[in-house]
Structure formats: C-alpha cells, structure tokens
Amino acid sequence: MTTSAFDGPLGPALLQVISGSPSAEELAAVTALLTALAVAAGSEAGDSPAVAPRQAGWGRPQVFPPLSWMAAGRAGGS
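Each residue of the sequence shown is one higher than the one before, counting from 3 in this note's numbering.
Right under this line is the structure:
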C-alpha cells in the first residue's frame with residue numbers, strides 16, 4: 003500500500019513555517035528549491051534508465067609494449 007504525501011502529519015500542507023514570518027517571495031524561493039531538490043533526488047534514485055558513460059574514443063591501445071616509448075626516439079628504431 004502506497005501512501006501519498008498528503009497523508010502525512012501536515013495534511014494537505016506540505017510545508018509549515020515553524021517560526022518567523024517569511025514573505026511570499028521567500029516562501030516561493032524555498033518551495034522552488036525544495037521542489038528542484040526533490041526532482042533531482044528522484045531522477046538519481048533510478049527513475050530513468052541508467053546510461054553507461056561514454057568512452058573518450060582516443061583509440062589508445064589497451065596494452066603498451068615495454069620500452070616502446072624509448073624505442074620510438076632512437077634512429078634505428080630498436
């Protein structure tokens with residue numbers, strides 16, 4: 003059984019000012035911030051399918067032969 007956010011201790015009010023008297027602009031800013039954080043947390047929690055990180059694609063070899071960097075600077079090549 004899932005519960006709604008409206009079933010919590012605050013009822014239909016999801017925010018409650020405990021002390022002070024914030025202006026309407028301050029309440030709007032806090033509401034926007036909390037909404038953005040909730041959306042970001044929901045998307046990080048796995049709501050969307052995970053995308054594998056893309057490799058840089060530099061084409062570097064996986065294994066480097068030993069001494070290859072020294073052999074490249076010699077006139078004879080070996």
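C-beta: ideal position from N, C-alpha, C; glycine also.
On a predicted model such as this, the values are computed, not experimentally measured, just so you know.
The alpha helix (DSSP H) spanning Val-19 covers which residue range? Neither: Val-19 is in no alpha helix (DSSP H) and is coded neither H nor E.
What is the DSSP secondary structure of Ala-42, counted as helix, strand or coil? helix
Ala-58 - DSSP class collapsed to helix/strand/coil: coil
What is the DSSP secondary structure of Val-53, reduced to helix, strand or coil? Of the three classes helix, strand and coil, the one that applies to Val-53 here is coil, per DSSP.
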